[in-house]
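Using our numbering, the letters of the sequence shown map in sequence onto residues 4 to 680.
Input: a single structure, listed below in structure tokens.
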Amino acid sequence: MKKQLVFLMITLMAMILAVSCNNNKQKSSETRVAAFDISGIDSTQKPCSDFDSFANGNWKKHNPIPSTEGAWGSFEVLDKENREIKIKGIIAELLKQENPVKGSEAQLITGYYRSYLDTLTISKRGITPIVPLSDKILAAKSNAELIALAGELAIVNISGPFDVYVSADDRNSKMNAIFMGQDGLSMGDRNYYENKDSSMVKIRAEFVKHVDKMFSMASWDVKAPGQTILDFETKLALIQLKNFEMRDPVKIYNKIPFTELQKLAPSVNWADYYKNFGLHADTVIVQDKNYLKNLGLLIKSTPVGMLQTYFRWKLLSAYANLLPTQFNKESFHFFSTVMYGVKAQRPREERAIMSVNRRLGMPLGKLYVAKYFPESSKKKVSGMIENVRAVYSERIDKLTWMSAPTKEKAKKKLAAFTWKIGYPDTWKDYSSIDIQPDKLLENSMSIALWEHNDMVKKAGKPVDKQEWGMSPQTINAYNNPTNNEIVFPAAILQPPFFNPDADDAINYGAIIAVIGHEMTHGFDDQGAQYDGNGNLSNWWTPEDSKNFIALGKKLEVYFSSIEVTKGFKIDGKLTLGENIADLGGLTLGYYALEKSLEGKQKPEKIDGFTYQQRFFLGWAQVWRENMTNESLINQVQTNEHSPARWRINATLPLMKEFSDAFGCKGATSDSLRIVIW
Ligand SMILES: [Zn+2]
Numbered sequence: 004m005k006k007q008l009v010f011l012m013i014t015l016m017a018m019i020l021a022v023s024c025n026n027n028k029q030k031s032s033e034t035r036v037a038a039f040d041i042s043g044i045d046s047t048q049k050p051c052s053d054f055d056s057f058a059n060g061n062w063k064k065h066n067p068i069p070s071t072e073g074a075w076g077s078f079e080v081l082d083k084e085n086r087e088i089k090i091k092g093i094i095a096e097l098l099k100q101e102n103p104v105k106g107s108e109a110q111l112i113t114g115y116y117r118s119y120l121d122t123l124t125i126s127k128r129g130i131t132p133i134v135p136l137s138d139k140i141l142a143a144k145s146n147a148e149l150i151a152l153a154g155e156l157a158i159v160n161i162s163g164p165f166d167v168y169v170s171a172d173d174r175n176s177k178m179n180a181i182f183m184g185q186d187g188l189s190m191g192d193r194n195y196y197e198n199k200d201s202s203m204v205k206i207r208a209e210f211v212k213h214v215d216k217m218f219s220m221a222s223w224d225v226k227a228p229g230q231t232i233l234d235f236e237t238k239l240a241l242i243q244l245k246n247f248e249m250r251d252p253v254k255i256y257n258k259i260p261f262t263e264l265q266k267l268a269p270s271v272n273w274a275d276y277y278k279n280f281g282l283h284a285d286t287v288i289v290q291d292k293n294y295l296k297n298l299g300l301l302i303k304s305t306p307v308g309m310l311q312t313y314f315r316w317k318l319l320s321a322y323a324n325l326l327p328t329q330f331n332k333e334s335f336h337f338f339s340t341v342m343y344g345v346k347a348q349r350p351r352e353e354r355a356i357m358s359v360n361r362r363l364g365m366p367l368g369k370l371y372v373a374k375y376f377p378e379s380s381k382k383k384v385s386g387m388i389e390n391v392r393a394v395y396s397e398r399i400d401k402l403t404w405m406s407a408p409t410k411e412k413a414k415k416k417l418a419a420f421t422w423k424i425g426y427p428d429t430w431k432d433y434s435s436i437d438i439q440p441d442k443l444l445e446n447s448m449s450i451a452l453w454e455h456n457d458m459v460k461k462a463g464k465p466v467d468k469q470e471w472g473m474s475p476q477t478i479n480a481y482n483n484p485t486n487n488e489i490v491f492p493a494a495i496l497q498p499p500f501f502n503p504d505a506d507d508a509i510n511y512g513a514i515i516a517v518i519g520h521e522m523t524h525g526f527d528d529q530g531a532q533y534d535g536n537g538n539l540s541n542w543w544t545p546e547d548s549k550n551f552i553a554l555g556k557k558l559e560v561y562f563s564s565i566e567v568t569k570g571f572k573i574d575g576k577l578t579l580g581e582n583i584a585d586l587g588g589l590t591l592g593y594y595a596l597e598k599s600l601e602g603k604q605k606p607e608k609i610d611g612f613t614y615q616q617r618f619f620l621g622w623a624q625v626w627r628e629n630m631t632n633e634s635l636i637n638q639v640q641t642n643e644h645s646p647a648r649w650r651i652n653a654t655l656p657l658m659k660e661f662s663d664a665f666g667c668k669g670a671t672s673d674s675l676r677i678v679i680w
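Here you go:
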């Protein structure tokens with residue numbers, strides 16, 4: 004899996020791939036609120052013991068999860084509005100152009116969109132577009148030949164047991180390096196292969212049925228493909244690092260000469276793989292040498308026929324959504340209904356919009372910001388970021404657990420933070436992507452090839468610090484540790500995150516706390532291991548480091564005790580960085596609000612709430628969300644973010660400021676206090 008930027012929320016990617024949106028009656032525009040939506044409050048609930056139910060209880064009751072969704076909350080509502088009104092509108096305008104210039108944004112977007120909707124051609128062509136690759140897999144007569152071929156397959160997003168990519172070198176962040184990590188699990192995470200809970204056993208049985216059905220629909224005559232794939236992927240899963248282990252940047256940084264790969268796994272023909280992938284490597288940074296060693300042994304002991312079945316499955320599954328309807332439906336059934344509890348597939352037109360948005364995010368984003376992003380927002384948000392930075396610096400000065408030398412270094416790192424707001428200053432040239440209105444699958448491969456070339460040409464070159472890791476129409480934000488930067492795409496700068504007309508206290512609890520969250524990622528258990536230049540290098544005194552780890556341990560134990568649904572608890576290790584960032588972001592947001600009021604008359608109550616109370620209501624409003632049980636189970640087993648309900652209910656009681664605002668007493672107060680930043 005590729006190295007992740009640190010996001011604000013669970014990336015919608017898994018959901019976007021398979022899920023789909025809908026005919027739900029609610030008009031998105033009606034969900035907009037001027038400030039805080041008091042109609043969402045359930046005043047029969049007690050704010051001190053269950054703030055989520057108090058602040059959002061009525062909203063949750065009146066906003067059930069639409070049949071086409073696995074979760075429904077502020078992010079999803081905004082995302083739907085973004086797609087169904089803004090993005091759809093842009094595409095509709097473009098469709099009016101006759102004969103747009105080949106390679107222009109209009110031609111790429113409308114051509115891809117039309118090819119997605121041309122179900123007649125898609126149906127007529129059947130699986131023909133993937134047959135050449137399937138034949139190549141069958142023609143490879145040894146495991147060595149198959150792994151060599153995997154280099155070619157990886158270019159068009161057909162993943163194998165490992166993933167090769169180019170990214171900033173963590174120990175020399177100005178330069179790009181070649182990385183190699185574990186990959187190749189259809190269900191995404193090791194937990195889905197080894198957890199013994201009955202719900203997981205059931206999903207594995209469904210997976211076997213799903214693979215069997217896909218092979219049968221493709222008329223690929225293979226004996227028991229489902230069980231074959233599950234067995235092989237289970238073996239793969241059991242030699243992979245666990246998800247929380249992947250969060251340790253020192254552990255997963257192992258720079259080795261290319262020649263050492265051959266020693267680690269002699270049964271794999273690395274040179275041919277890299278040649279076919281189009282990369283020349285003298286050194287590679289591998290996540291885990293043991294994995295490669297064990298993978299070599301696994302491949303050696305796997306019959307070639309089994310490995311062929313594995314790669315054919317990866318091919319079929321990767322392109323299922325672009326094949327005829329029966330493949331889309333079956334893929335939706337497993338990857339959305341079984342895994343996320345989503346009941347109904349979105350209409351094809353909506354899926355077409357989502358697919359354009361996902362595959363051509365940047366060309367579309369260029370048009371999106373021209374139409375929907377007011378330049379004034381940039382200035383407003385940059386001002387907010389600087390306020391949070393100033394408050395952070397003051398708080399570092401006051402920390403009791405950190406010594407003066409480490410404080411100096413922390414402040415140096417804080418001062419070196421950079422930010423990006425809205426959209427990239429320069430746009431890449433996408434004109435070489437070949438898009439034809441009747442060739443959906445080839446279009447997708449052409450985009451993949453462009454992305455691949457864009458990536459491999461960076462190897463060994465200086466990092467382009469201006470590059471964006473997210474399209475501007477994405478409702479999310481991220482921290483990139485090797486750039487020491489925080490990034491806020493245009494689409495998150497809207498209500499309920501940022502509302503220029505709203506009461507300040509609500510904005511501080513929403514967008515300002517979100518900014519604080521991203522900034523704190525630079526000082527969470529991962530981020531704190533990078534210095535101000537974005538290099539993985541320890542700037543802590545041993546004593547301060549010990550104190551910081553001990554505070555994190557307290558938070559880990561606390562979150563690990565929370566059961567979110569029967570049999571499933573939050574993984575305190577996996578979510579530590581996000582939980583530190585939520586606690587830090589809220590604290591910074593709160594004190595930034597207090598600072599903004601210094602020397603001024605304190606704001607009046609609004610709707611019966613003090614400004615301090617409104618701050619916490621602003622946070623709760625951002626994280627209001629209903630989830631299916633399947634999505635909830637998926638999140639706690641695979642994702643670094645605690646479920647939304649617990650980003651409210653677990654985090655707020657840790658803060659004295661929250662208890663004071665609502666007059667909470669007793670068990671929820673002093674014994675729980677954890678202050679890190
Ligand atoms: Zn985060």
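Note that beta-carbon positions come from the ideal geometry of N, C-alpha and C, so glycine has one too.
- Counting C-beta pairs with one atom in each stretch, the stretch 147-167 and the stretch 463-477 have fewer than three that are closer than 8 angstroms, which means they do not touch.
- DSSP, reduced to helix, strand and coil, places residue 613 outside both helices and strands of the structure shown, so it counts as coil.
- For the pair of segments examined, the stretch 569-581 was found to touch the stretch 515-530: the number of CB pairs separated by less than 8 angstroms reaches three.
- When beta bridges are read from the DSSP output, residue 10 appears opposite 481.
- Residue nearest to residue 467 within the set 179, 93, 489 is 179 (criterion: CA-CA distance).
- If you draw a 10 Å sphere on the C-beta of residue 546, you find fewer than 16 other C-beta atoms in it, and that means exposed.
- With fewer than 16 other beta carbons inside 10 angstroms of its own, residue 224 counts as exposed.
- Residue 215 places its beta carbon less than 8 angstroms from that of residue 229.
- A direct Cα-Cα distance of roughly 52 angstroms separates residue 192 from residue 602.
- Under a 10 Å Cβ-count criterion, residue 138 is classified as exposed, with fewer than 16 other Cβ atoms of the shown protein chains found around its own Cβ.
- In the DSSP assignment, the residues bridged to residue 183 are 167, 289.
- A distance filter of 6 angstroms between CB atoms and the heavy atoms of ligand 1 selects the following residues in sequence order: 9, 10, 11, 520, 524, 581, 584.
- Collapsing the DSSP output to three states places residue 422 in a strand.
- DSSP places residue 253 in the coil class of the three-state scheme, outside both helix and strand.
- Within the stretch 264-323, the complete beta strand (DSSP E) segments of 3 residues or longer fall at 286-289, listed in chain order.
- Residue 377 sits exposed, since fewer than 16 C-beta atoms from the chains shown fall within 10 Å of its C-beta.
- The shortest C-alpha to C-alpha distance from residue 92 to any of 325, 352, 573, 338 is the one to 352.
- For residue 491, the enclosing beta strand (DSSP E) begins and ends at 488-492.
- Under the DSSP assignment, residue 74 falls in the beta strand (DSSP E) whose first and last residues are 74-76.
- For residue 539, the pairing in a beta bridge is given by DSSP as 533.
- Proximity to residue 219 across 319, 291, 292 peaks at 319, based on C-alpha coordinates.
- Taking each of 373, 449, 496 in turn and checking the Cα distance to residue 132, the smallest one comes out for 449.
- By the Cβ rule, the stretch 311-331 does not count as touching the stretch 166-173, because fewer than three pairs are nearer than 8 angstroms.
- The C-beta distance from residue 495 to residue 479 rounds to 6 angstroms, short enough to meet the 8 angstroms contact threshold.
- If only complete runs of 4 or more residues are kept, the stretch 168-247 shows the alpha helix (DSSP H) at 194-197, 201-220, 228-242, in order along the chain.
- Beta-bridge partners assigned by DSSP to residue 258: 288.
- Across the structure, residue 401 and residue 502 are spaced so that their CA atoms are roughly 31 angstroms apart.
- Here residue 568 is bridged, per DSSP, to 571.
- With fewer than 16 other CB atoms across the displayed protein chains lying within 10 angstroms of its CB, residue 428 is exposed.
- The alpha carbon of residue 293 has as its nearest neighbour, out of 276, 305, 286, 256, the alpha carbon of 256.
- Taking C-alpha positions only, residue 323 is separated from residue 181 by approximately 30 angstroms.
- Where residue 502 is concerned, there is no enclosing beta strand (DSSP E), because DSSP gives it neither an H nor an E.
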